[in-house]
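The structure appears right after this line, and notes come after that.
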Amino acid sequence: MKILVAMSGGVDSTVTAYKLKQAGHEIIGCYMKLHGKPNYHEENIQKVEKVAKFLDIKYHILDLQEDFKNQVYMPFVNTYKEGKTPNPCALCNRFIKLGKLLEFAKSLGCEKLATGHYARIENGLIKTAVDESKDQSYFLANADKEALEYLIFPLGEMKKEDVKKFALTIDVLKSFAIQKESSEICFVEDTYVQVLDQFMDTKIPGVVRDSSGKEVGKHEGYMHYTIGKRRGFEVRGAHEPHFVLKIDPKKNEIIVGKKEELKISEFKLDNINLFIDAKELDCEVKIRYRSRSTPCKVLINEDKSAKIILQEPVYGLASGQMAVFYDKDLVLASGFIN
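When the letters of the sequence shown are read in order and numbered with the numbering used here, they come out as residues 27 to 364.
In structure tokens form, the structure reads like this:
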């Protein structure tokens with residue numbers, strides 16, 4: 027097959043390209059320029075060039091900075107501005123990697139798009155990776171259903187440690203196996219607040235209230251907090267830990283309470299992204315990437331909004347984050363939490 031491989035200069039995408047080439051496919055590489063970090067692209071493009079030369083394949087540089095800014099970066103900033111917690115990787119996968127890049131692959135006459143994600147595709151559905159510690163099915167669950175038939179994830183059957191060991195056996199690829207891993211959010215150097223500081227004043231002190239509305243302390247600016255955070259604010263007279271329960275961006279206030287007050291038994295989604303035809307689901311849900319799955323019932327309305335009833339409560343449900351619904355290791359649906 028003719029396959030476009032997303033190449034970042036990292037070990038995962040490098041081994042992906044190598045394995046597909048060894049399997050006899052016609053491979054074309056593609057490096058995406060997504061943001062304007064100084065020296066970031068130059069260094070990575072050199073690595074991609076090195077791999078392309080070694081594999082004797084062509085590669086393209088696709089400048090998607092404007093698309094990335096409009097569909098990932100600014101929504102990240104604006105979601106925090108609204109007092110919510112964004113999920114930029116989920117947006118990037120849908121609109122950029124499995125959106126614009128897939129369009130580019132088709133324009134070149136490629137039958138498939140391959141990436142270095144740790145996940146699998148089975149019977150037209152996203153499936154969790156063999157390496158549970160690296161599984162990225164959660165971040166892929168916002169993908170357009172139509173995109174799935176074009177995707178290949180060659181690392182889905184491998185453990186990360188084996189990917190690195192494999193790269194170490196090939197002289198030209200040894201340096202890729204030992205280089206530092208990239209951060210979770212590619213455009214965040216240290217903290218997300220540093221990104222927000224470029225667009226607004228994040229250090230505006232405000233009031234901390236308890237769940238009854240009583241003023242109990244001060245905080246350093248609502249953008250510094252996410253639901254469930256337990257440090258960085260004042261609670262006068264507290265004898266046990268308090269957590270952020272709610273954020274009011276208009277008043278620059280945070281509402282705090284004890285851990286029990288974080289407990290949620292049901293929640294809603296505005297627009298569910300379904301991979302199967304269903305009016306309701308009995309399944310499991312993850313409300314964060316690293317959270318454990320919780321059994322639930324999903325009731326889907328005509329307008330694609332949905333109500334989720336949990337069989338056991340969860341703590342720290344954050345508006346703006348993604349809920350992903352699984353049947354064992356298969357992704358059934360996803361949606362952003364209200």
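All C-beta atoms, glycine included, are put in the ideal place defined by N, C-alpha and C.
Straight-line gap, residue i to residue j (C-alpha atoms, nearest Å)
{"i": "Gln224", "j": "Phe362", "result": "26 Å"}
{"i": "His67", "j": "Asp274", "result": "38 Å"}
{"i": "Gly135", "j": "Lys28", "result": "8 Å"}
{"i": "Arg146", "j": "Lys153", "result": "5 Å"}
{"i": "Asn70", "j": "Val324", "result": "43 Å"}
{"i": "Phe351", "j": "Asn297", "result": "14 Å"}
{"i": "Phe130", "j": "Leu30", "result": "9 Å"}
{"i": "Met226", "j": "Pro112", "result": "17 Å"}
{"i": "Tyr341", "j": "His143", "result": "28 Å"}
{"i": "Tyr44", "j": "Ile313", "result": "35 Å"}
{"i": "Glu279", "j": "Tyr248", "result": "6 Å"}
{"i": "Gly239", "j": "Gly283", "result": "11 Å"}
{"i": "Glu52", "j": "Asp157", "result": "27 Å"}
{"i": "Phe192", "j": "Phe165", "result": "25 Å"}
{"i": "Thr217", "j": "Asn65", "result": "20 Å"}
{"i": "Ala349", "j": "Pro339", "result": "14 Å"}
{"i": "Glu148", "j": "Ala332", "result": "25 Å"}
{"i": "Asn327", "j": "Glu292", "result": "15 Å"}
{"i": "Leu199", "j": "Tyr315", "result": "30 Å"}
{"i": "Phe202", "j": "Gly36", "result": "6 Å"}
{"i": "Glu241", "j": "Asp355", "result": "45 Å"}
Selected residue, minimal CA-CA separation from residue i, among the options
{"i": "Lys76", "options": "Ile204, Met33, Ser238, Glu215", "result": "Met33"}
{"i": "Gly243", "options": "Gln91, Glu260, Lys229", "result": "Glu260"}
{"i": "Ala167", "options": "Asn327, Phe301, Met27", "result": "Phe301"}
{"i": "Leu336", "options": "Tyr315, Ile87, Asp308, Lys171", "result": "Asp308"}
{"i": "Leu343", "options": "Val357, Leu288, Glu328", "result": "Leu288"}
{"i": "Val234", "options": "Lys330, Ile122, Lys294, Ile281", "result": "Ile281"}
{"i": "Cys115", "options": "Leu128, Phe94, Glu187, Ala49", "result": "Phe94"}
{"i": "Ile178", "options": "Leu199, Ser159, Ala140", "result": "Ala140"}
{"i": "Gly182", "options": "Ile334, Val41, Asn364, Cys118", "result": "Val41"}
Assigned exposure category for residue i - 16 Cβ within 10 Å defines buried
{"i": "Asp161", "result": "buried"}
{"i": "His265", "result": "exposed"}
{"i": "Gln347", "result": "buried"}
{"i": "Pro180", "result": "buried"}
{"i": "Ser360", "result": "buried"}
{"i": "Gly109", "result": "buried"}
{"i": "Arg120", "result": "buried"}
{"i": "Met58", "result": "buried"}
{"i": "Asp82", "result": "exposed"}
8 Å Cβ cutoff, residue i in contact with chain D
{"i": "Gly125", "result": "Note that chain D does not occur in the displayed structure, where there is just one protein chain."}
Helix, strand or coil at residue i [DSSP, three-state]
{"i": "Thr105", "result": "helix"}
{"i": "Tyr144", "result": "coil"}
{"i": "Glu207", "result": "coil"}
{"i": "Tyr299", "result": "For the record, residue 299 in the displayed sequence is Asn; it is not Tyr. Strand."}
{"i": "Asp38", "result": "helix"}
{"i": "Glu52", "result": "strand"}
{"i": "Tyr176", "result": "helix"}
{"i": "Leu263", "result": "Here the sequence assigns Gly to residue 263, which means Leu is not the residue at that position. Coil, per DSSP."}
{"i": "Lys160", "result": "helix"}
{"i": "His245", "result": "strand"}
{"i": "Gln328", "result": "Per the sequence presented here, residue 328 reads as Glu, with Gln not at that position. Three-state result, Glu328: coil."}
Endpoints, the alpha helix (DSSP H) within which residue i is located
{"i": "Ser133", "result": "127-133"}
Continuous beta strand (DSSP E) stretch holding residue i: start and end
{"i": "Cys212", "result": "Unbroken run through Cys212: none, as it is neither H nor E."}
{"i": "Pro339", "result": "332-341"}
{"i": "Tyr85", "result": "84-89"}
{"i": "Val270", "result": "269-274"}
Residue i: CB within 7 Å of a non-hydrogen atom of the ligand SAM
{"i": "Gly254", "result": "The ligand content of the structure shown is nil, which means the ligand SAM is not present either."}
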